[in-house]
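Student: Got a structure for you, written out below as structure tokens; questions coming shortly.
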Amino acid sequence: MPPFNTHAQNQRGCFLQGIRWLYLFFALLIFVVMSYLTFGFVKSYRDQVRASRTFQPVPARVLESKVKRISGDKGSDSFLPYVRYTYEVDGKRYESDTFFFTGWGYNDYLEAKKKVDNYPVGATVTAYYDPNAPEITVLDNSFPTNASFAFAIFGVFWSIAIVVFLYAIWPVVRGEKPASREE
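Structure below.
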């Protein structure tokens with residue numbers, strides 16, 4: 001007949017089981033956040049590639065042009081070029097403020113300002129619209145060139161998420177019962 005667990009062993013087992021659930025919770029939280037970020041990145045990257053390959057040029061008139069400051073955590077700001085413009089496709093007028101699909105902004109105000117300076121208010125510029133959905137347009141349809149760095153960062157974070165998840169479920173895979181585990 002197996003010996004009964006002492007009260008201390010039962011408490012320790014419950015504590016370890018709670019820790020495992022906490023690991024699993026954090027692993028799932030990391031998975032959800034990484035899925036959201038990855039989906040957003042891949043979608044914007046795919047849209048920018050599609051814009052560079054299939055969007056058609058159209059004359060557009062600049063209505064507003066400025067740099068927007070987005071305040072981040074711990075005083076880190078990023079700067080986005082903001083250009084609002086109007087254009088016409090097949091006799092129908094559209095308005096947009098999409099500069100590019102993959103832009104998370106610039107760390108330096110002057111970099112964003114250089115972009116905005118190319119689009120003064122009142123100027124006629126070239127925008128690029130989706131022939132299948134003319135309401136979708138961008139000013140910068142260049143092919144994204146910095147994606148390999150972003151993919152590497154996502155790879156590191158996905159690796160961390162997988163390690164945490166495997167660490168959390170390993171006792172379950174091995175068939176261990178937390179209440180009777182002795183370490």
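The sequence shown maps to residues 1 to 183 in full-length UniProt numbering.
In this text, a Cβ means the ideal position worked out from N, Cα and C, and glycines have one as well.
Remember, it's a predicted structure, so these values are computed and weren't measured experimentally.
What ranges does the alpha helix (DSSP H) occupy inside the segment 56–88, keeping only unbroken runs of at least 4 residues that lie completely in it?
Tutor: Runs found: none.
Student: Go to D130, then tell me how far its beta strand (DSSP E) extends in each direction, as first and last residue.
Tutor: Mapped onto the sequence shown, residue 130 falls at position 130. Residues T124 to D130.
Student: Whose CA, out of W158, I169 and A168, lies closest to the CA of S35?
Tutor: Translated into the one-based positions of the sequence shown, residue 35 becomes position 35. The shortest C-alpha separation from S35 is found at W158.
Student: Could you tell me the boundaries of the alpha helix (DSSP H) in which V116 lies?
Tutor: In the sequence shown, counting from the first residue as 1, residue 116 sits at position 116. Note, V116: alpha helix (DSSP H), Y109 to D117.
Student: What are the start and end residues of the beta strand (DSSP E) that includes P134?
Tutor: Taking the first residue of the sequence shown as position 1, residue 134 is located at position 134. Taken as a continuous stretch (DSSP letters only), the beta strand (DSSP E) holding P134 covers A133 to V138.
Student: Do the segment 77–88 and the segment 53–69 touch if we need at least three Cβ pairs shorter than 8 Å?
Tutor: Contact holds: three or more Cβ-Cβ distances are below 8 Å.
Student: Quick check on the burial criterion: 16 or more other C-beta atoms within 10 angstroms. Buried or exposed for D73?
Tutor: Taking the first residue of the sequence shown as position 1, residue 73 is located at position 73. Classification of D73: exposed, given that the 10 Å Cβ count is below 16.
Student: Could you check which residue in Y109, S71 and E95 has the C-alpha nearest to that of V138?
Tutor: In the sequence shown, counting from the first residue as 1, residue 138 sits at position 138. Looking at the Cα atoms, E95 is the closest of the given residues.
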